Every structure is written in structure tokens, then in C-alpha cells.
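Each remark here refers to the structure printed beneath this line.
Numbering (my numbering), first residue to last: 420 to 578.
What follows is the structure, encoded as C-alpha cells:
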């Protein structure tokens, strides 16, 4: 058997997702995010048990858009835009709990219980908002259209 190039152990926080971006590997866990650079060096973005993962998505350029809370059952969430070198490019506060998130090249779309909001990735300012009900499960914004999925139905809305 060959020896591994590198080995990383995540005992206190189960791994939720792995995603490869150029020469980096994003490791999303329930209570932290780690970026492995050049298949060898691990950089912890959030320390174990300091945050609670709520949701996440990746941009078109495979950068991580990570939603987290300071504690379980928090009613407010934060969004961190994390580059493939493990640096937090931007952090934004959201005054509600995030149900789902999707990102495109320069913005991210957030589904809350009662609305869908589109924010700028660079500044975090809200660009548009559409009301919805709690039957919506997920959203994807493409160009100026927001596609909304609830059960077996997908609706297209103007952003």
C-alpha cells in the first residue's frame, strides 16, 4: 500500500462536504471549515465548535459561500465568502435564518421563510427581494430570473 500524501482528521465535527477548487480542497464540517492547499497544508477558517454550519454553496469560480450561526437555533445568520486560499474575502450579517442559498458569479440568492433576497458578493447589499411562503424548498437565480422550487413545481419569477 502507498502512503498517503497527507492525512487530516476531523474527530469533533463531522464532514458535510468536500469540494475541489484548482489546487485547494474545501472541507465543510458541521462546526468548521478547512481549506487544504496544494494537497498538503490545512488551514482552518473557523475553529472547531465556534460556529454552527447552516448552509453553503459555491460560486461559478468554485469559491465557498458559507452560511453559519454563532450557536444552534440562532435566529440570525452570517455569510462568509471564502476564497480557495482559505481567506475570508467578505462577511455579511443576515437578520433571519437562512433556509437555502445559491450563488452565481457576483451575487448570492438567499431563501428565507418569507422571502427570497439577492445580495452582492462584494458588498453584501441587498439588490432585490421577492416575497414567498414557507412551501418554497430551494431557489436558483439565473440572469434576471429566480427559479423557485416547491414540492414538484418550479416557478420562474422576475428578480
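Glycine is no exception: its CB is placed at the ideal position from the N, C-alpha and C atoms. On a predicted model such as this, the values are computed, not experimentally measured, just so you know.
Item: How far does the beta strand (DSSP E) with residue 436 in it reach, from first residue to last?; Value: 434-440
Item: Can you give the Cα-Cα distance for residue 546 and residue 557, rounded to whole angstroms?; Value: 19 Å
Item: Along the chain, which unbroken stretches of the beta strand (DSSP E) at least 3 residues long are found entirely within the segment 508-544?; Value: 519-522, 526-530 and 534-539
Item: Where does residue 567 fall in DSSP's three states?; Value: strand
Item: At what residues does the beta strand (DSSP E) containing residue 430 begin and finish?; Value: Here residue 430 belongs to no beta strand (DSSP E), and DSSP marks it neither H nor E.
Item: Would you identify the three-state DSSP class for residue 424, choosing helix, strand or coil?; Value: coil
Item: Buried or exposed for residue 472, going by 16 or more other Cβ atoms inside 10 Å?; Value: buried
Item: Look at the alpha carbon of residue 500 and the alpha carbon of residue 432, and state the distance between them as a whole number of angstroms.; Value: 21 Å
Item: Hey, would you say residue 486 sits closer than 7 Å to residue 517, going by beta carbons?; Value: yes
Item: Who does residue 557 pair with in a DSSP beta bridge?; Value: 568
Item: Does the count of Cβ pairs from the segment 531-548 and the segment 486-497 closer than 8 Å reach three?; Value: no
Item: CB residue 503 to CB residue 440, shorter than 7 Å?; Value: yes
Item: Taking the C-alpha atoms as reference points, what is the distance between residue 505 and residue 449?; Value: 17 Å
Item: Just the Cα atoms here: how many angstroms apart are residue 574 and residue 459?; Value: 44 Å
Item: Excluding five sequence neighbours on each side, which residues of the same chain lie with their C-beta closer than 8 Å to the C-beta of residue 544?; Value: 538
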